[in-house]
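Visitor: Numbering-wise (this note's numbering), the sequence shown opens with residue 493 and increments by one.
Using N, Cα and C, we set each Cβ at its ideal position, and we do this for glycine too.
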Amino acid sequence: MNEIIGADLRPSKIVCVGRNYVDHAKELGNEVPKAPLLFLKAPSSLITNGDAIVIPHQSQQVEHEAELAIVIAKQCKDLRDDDDVKEYIKGFTCLNDVTARDIQRADVQFTRGKSFDTFCPIGPHIVSDLDAADLAVTCRINGEVRQSGRTSQMVFSPTYLIRYISRQMTLLPNDVIATGTPAGVSKLAAGDVCEVEIEGIGILSNPVKSARD
Ligand code: ZN
493 MNEIIGADLR PSKIVCVGRN YVDHAKELGN EVPKAPLLFL KAPSSLITNG
543 DAIVIPHQSQ QVEHEAELAI VIAKQCKDLR DDDDVKEYIK GFTCLNDVTA
593 RDIQRADVQF TRGKSFDTFC PIGPHIVSDL DAADLAVTCR INGEVRQSGR
643 TSQMVFSPTY LIRYISRQMT LLPNDVIATG TPAGVSKLAA GDVCEVEIEG
693 IGILSNPVKS ARD
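1. Would you mind reading off the limits of the beta strand (DSSP E) that contains SER640?
2. May I ask which residues mark the beginning and end of the beta strand (DSSP E) holding HIS617?
3. Measuring CB to CB, does VAL629 end up less than 8 Å from PRO674?
4. Does the Cβ of CYS686 lie closer than 7 Å to at least one heavy atom of ligand 2?
5. List in chain order: all unbroken beta strand (DSSP E) runs of 3+ residues lying wholly within the region 657–686.
6. Less than 6 Å between C-beta atoms, sequence neighbours within five positions excluded: which residues of the same chain meet that for HIS549?
7. Opposite VAL546 in the DSSP bridges: which residues?
8. Which of the three DSSP states is assigned to ILE690 in this structure?
9. Put ILE497 into one of helix, strand or coil per three-state DSSP.
10. Could you check where the alpha helix (DSSP H) with GLY605 kicks off and where it finishes?
11. Using the beta carbon as the reference atom, which residues fall closer than 7 Å to any heavy atom of ligand 1, ordered along the chain?
Printed below as a string of structure tokens:
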């Protein structure tokens, strides 16, 4: 069953995982973490397929991050290693963890650089009954491939992440988990079209514009 994602998704939180692909951690000069590195994006940053990513005047370096996203089906807390996580997954979708890299670096912690309005394109729909173990994750700018990875390259799998996150905070229906990005992040410019494609899900396409336009 595929469900179109619209503005009515309204997650209580968007939980993101940093440095979950070895090659991306290296390209930014970071170590691979021993446990999942979690941060939050403001739910108000969420947009859907076709909406414009707006480059804020505060940043000179806004980058795309193509990611597999998990949408939560029902409340979960403190899942054990032997709990089946499937019943807690509504489905999977594409997500672009848009990041003001200069602000992220300057602030050290991630909140501002990750949470500008429009910085979380998600969609085009939620696909349930998908085996997410080894899916191609691709990002194209104006048709040119910038990121190309596979979900099998994740350091921590979707199943591991749901269990781990549920032990830190209660996950609620429609909460979103962004599972990290492969190598190849690059800068977005006004006039670009950024596409995130995940095998078995589809293409999330968003034009880019400047806040000055
Ligand atoms: Zn990310």
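Guide: Per the coordinate set shown:
1. First-last of the beta strand (DSSP E) with SER640: 636–642.
2. In this chain, the beta strand (DSSP E) harbouring HIS617 covers 612–619.
3. Annotated as proximal: VAL629 and PRO674, with beta-carbon spacing under 8 Å.
4. You won't find ligand 2 in this model; what it holds is ligand 1.
5. The qualifying runs are 668–670.
6. Excluding the 5 residues flanking it on each side, HIS549 has same chain C-beta neighbours closer than 6 Å at ALA703, in chain order.
7. BP columns for VAL546 point to LYS701.
8. If DSSP states are grouped into helix, strand and coil, ILE690 belongs with the strands.
9. Looking at ILE497 - three-state DSSP - the assignment turns out to be coil, as it is neither helix nor strand.
10. GLY605 -> alpha helix (DSSP H) spans 603–606.
11. The answer, residue by residue, is CYS508, GLY510, GLU557, GLU559, ASP589, THR591, ALA670, GLY672, THR673.
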